[in-house]
Amino acid sequence: MDTTAPFFWGSATASYQCEGAWQEGGKAESMWDRYLHENDLENGDVASDHYHRYREDIETMAKGGQNAYRFSLSWPRIIKNREGEVNEEGIAFYNSLIDTCHEFGVEPFVTIYHWDLPQYWEDEGGWLNEETAHAFEHYARVCFDRFGDRVRYWATFNEPKWFVMSGYLIGNYPPALQDPEKCAHAAFNVMYASALGVKAFRAGGYEGSIGIVHSFGPVDGVDDTLDTKIAMRFADNYANNWILDTAATGELPIDLLTDLNRRFDLSYITPDKLQALREGTVDFLGLNYYSRVLVRPYTDGETQLVVNNSGSAFKGSQRVVIKGWFEQVLDDPNMQTTEWGTEIYPDGLRRGLIEVTRRYHLPIYITENGIGVAEDVSQGEVQDDYRIAFMKDHIAAIKAAQEAGADVRGYFVWSTFDLYSWKNGCRKRYGLVAVDFENGYTRTPKKSYRWYRDFIAGEQTGKPYQEEGQR
Ligand code: BGP
Numbered sequence: 003m004d005t006t007a008p009f010f011w012g013s014a015t016a017s018y019q020c021e022g023a024w025q026e027g028g029k030a031e032s033m034w035d036r037y038l039h040e041n042d043l044e045n046g047d048v049a050s051d052h053y054h055r056y057r058e059d060i061e062t063m064a065k066g067g068q069n070a071y072r073f074s075l076s077w078p079r080i081i082k083n084r085e086g087e088v089n090e091e092g093i094a095f096y097n098s099l100i101d102t103c104h105e106f107g108v109e110p111f112v113t114i115y116h117w118d119l120p121q122y123w124e125d126e127g128g129w130l131n132e133e134t135a136h137a138f139e140h141y142a143r144v145c146f147d148r149f150g151d152r153v154r155y156w157a158t159f160n161e162p163k164w165f166v167m168s169g170y171l172i173g174n175y176p177p178a179l180q181d182p183e184k185c186a187h188a189a190f191n192v193m194y195a196s197a198l199g200v201k202a203f204r205a206g207g208y209e210g211s212i213g214i215v216h217s218f219g220p221v222d223g224v225d226d227t228l229d230t231k232i233a234m235r236f237a238d239n240y241a242n243n244w245i246l247d248t249a250a251t252g253e254l255p256i257d258l259l260t261d262l263n264r265r266f267d268l269s270y271i272t273p274d275k276l277q278a279l280r281e282g283t284v285d286f287l288g289l290n291y292y293s294r295v296l297v298r299p300y301t302d303g304e305t306q307l308v309v310n311n312s313g314s315a316f317k318g319s320q321r322v323v324i325k326g327w328f329e330q331v332l333d334d335p336n337m338q339t340t341e342w343g344t345e346i347y348p349d350g351l352r353r354g355l356i357e358v359t360r361r362y363h364l365p366i367y368i369t370e371n372g373i374g375v376a377e378d379v380s381q382g383e384v385q386d387d388y389r390i391a392f393m394k395d396h397i398a399a400i401k402a403a404q405e406a407g408a409d410v411r412g413y414f415v416w417s418t419f420d421l422y423s424w425k426n427g428c429r430k431r432y433g434l435v436a437v438d439f440e441n442g443y444t445r446t447p448k449k450s451y452r453w454y455r456d457f458i459a460g461e462q463t464g465k466p467y468q469e470e471g472q473r
């Protein structure tokens, strides 16, 4: 890995959530296009119109002092069909986006898969079909071949846990299944695909480094009892270890496999695939941090997974109970939460980073961190002091972890500008820059954008940024 690279202060997006242009440039249909259209749900057909405005967006990032842009490539924009034919128009679009990054001195940090599976693979069973893993390997190789001369930072997958659990267990994302056995199978195929992608990267001798991005939920327990310790281990396996252990060490957690093997047919986990996992370990970990996982022992009842996709009306309605394993505490009245019920807990990041460092000894990038809020963008600059406070507290947690030995090399705010927030729609805004979805998709930087710009300038000049009044 390049140890001379500067610390990355950037921000992040994902193709489906920001590009729009769902039928332009020879793009094939994605599973999200199909699912949202068929169910008549708010969709990303236009999203933030980044496909047409990426130049303005990258220029704004650069003016904001950001030196890296984490974005994802759209598989259905790049590969036309199951035969693996390349869509040259899609390649041209990303060539231009990558070149624009370099023109403005912004390092492209590229995620190969951020959830927009081509529908032509979903039609064949999607992540339940091992062929999809091989198709991913082909797609990844096309990306390395076509963009590898200008991209030095790659991530195979964004958040396997989140899209696999949501798609196959909770059922609020496509393919909208609620099936624990299929969930385990999809999870394995995704980790296998990731390892095949890493192996292809190494075999091709491409420059740079490759990692995976995980939705990091460090686990805390309500007390020090043995029952809580056991529940914490189950929760850690569920929330973190099947991704981090597998990607970093090449080994799935054996106690998790033992438990799953008692319930399900795992005969698809063959020795050759286990070997591929061992050979496909990553160079770095990308951690997306939104919140910790506070755990108490399982008491009784069926598995329950309820996610708040609606904002304050359903505040407090979230539930995570995995039968026989653990219950997540989401109803503590002392918790500070967002309107969507996500706990705000910066110290989880500090402790989590120290623990991940202790376990894996790998370089880490914080590939997403941010707060989703319903904001009025029609009244000039959004005064998002809450976002500034959120970023400050989390950056302070990262610095404390660095002092304790964590090798953190970058921080990416989610998100670069307002975009489509999956099942929450465009109401849930994370951007440093406001997008007026109702009025021509105009962009207006928020107060947090200015704060981040001044903060970065302070970091880069070695004169740490101080608030007005403290100078
Ligand atoms: C992560 C995803 C992003 C993004 C973010 C915020 O899980 O990688 O794609 O959406 O979370 O989540 P949400 O939009 O559901 O609030």
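If you count by the working numbering, then the sequence shown holds residues 3 to 473, one letter each, in order.
We treat Cβ as the ideally placed atom computed from N, Cα and C, and that holds for glycine.
Rounded to the nearest angstrom, the gap between the Cα atoms of Gly372 and Phe419 is 11 Å.
Spanning the alpha carbons of Phe286 and Leu246 requires a straight line of approximately 10 Å. Apart from sequence neighbours up to five positions away, the residues of its chain that approach Asp51 with a beta-carbon distance below 7 Å are Gly22, Tyr443, ordered along the chain. Between the alpha carbons of Glu61 and Phe106 lies a distance of about 6 Å. The segment 324–342 makes contact with the segment 293–306, as at least three CB pairs between them are under 8 Å. Boundaries for Ser98: no beta strand (DSSP E) harbours it, while the alpha helix (DSSP H) harbouring it runs 90–105, taken from the DSSP string. Between the C-alpha atoms of Ala205 and Trp156 there is a straight-line separation of about 15 Å. Along the length of the segment 14–90, whole beta strand (DSSP E) runs at least 3 residues long occupy 70–74, reported in chain order. For Trp129, the shortest separation between its Cβ and any heavy atom of ligand 1 does not lie below 7 Å. C-alpha of Phe10 to C-alpha of Phe266: approximately 43 Å in a straight line. For Ile366, the uninterrupted beta strand (DSSP E) segment begins and ends at 366–370. For Val435, the enclosing beta strand (DSSP E) begins and ends at 435–438. In chain order, Ala70, Arg72, Tyr155 place their CB closer than 6 Å to the CB of Phe111, counting only its own chain and leaving out the 5 sequence neighbours on each side. Shown here, Arg204 sits in a helix according to DSSP, grouped into three states. Within 7 Å of the C-beta of Asn371 there is not a single heavy atom belonging to ligand 1.
Relative to ligand 1, Trp424 has its C-beta within less than 7 Å of a heavy atom. Counting the other CB atoms within 10 Å of its CB gives Ala16 a total of 16 or more, which places it among the buried residues.
Taking the Cβ atoms as the reference, Leu262 lies roughly 13 Å from Ala188, outside the contact range of under 8 Å.
Look at Phe236 here: in three-state DSSP terms it is helix. Sorting Pro220, Phe146, Leu254, Arg452 by C-alpha distance to the C-alpha of Tyr194 places Leu254 at the top.
Residue state for Arg298 is assigned as strand, using DSSP reduced to three classes. DSSP links Val322 through a beta bridge to Leu307.
Within the DSSP bridge table, the entry for Ser217 names Asn290 as partners.
Remark: the C-beta of Ala157 is outside contact range of ligand 1, defined as less than 7 Å to any heavy atom. Comparing alpha-carbon positions, the option among Tyr291, Asn191, Arg353 lying closest to Gly128 turns out to be Asn191.
In this structure, Gly374 has its beta carbon less than 7 Å from a heavy atom of ligand 1. When C-alpha distances from Gly219 are compared across Gly210, Ser211, Asn239, the shortest belongs to Asn239. Pairing Ala202 with Phe236 gives a Cβ-Cβ distance that is not under 8 Å.
In the three-state DSSP reduction, Tyr422 falls in the coil class, being neither helix nor strand. Taking all protein chains in view, the Cβ of Gln320 is crowded by 16 or more other Cβ atoms within 10 Å, so the residue is classified as buried.
Remark: C-beta atoms of Gly282 and Val200 approach each other more closely than 8 Å.
In this structure, DSSP gives Arg154 a state outside helix and strand, which the three-state scheme calls coil.
Taking a cut-off of 8 Å on C-beta distances, the segment 79–92 touches the segment 28–48, as three or more cross pairs fall below it. Short of 6 Å from the beta carbon of Val153, and not among the five residues preceding or following it, lie these beta carbons of its own chain, in chain order: Pro110, Val112. Using a C-beta cut-off of 8 Å, the segment 424–435 makes contact with the segment 369–385, since at least three inter-stretch Cβ pairs fall below that distance. The beta-carbon distance between Ala408 and Ile356, rounded to whole angstroms, is 6 Å. This is short enough to meet the 8 Å contact definition.
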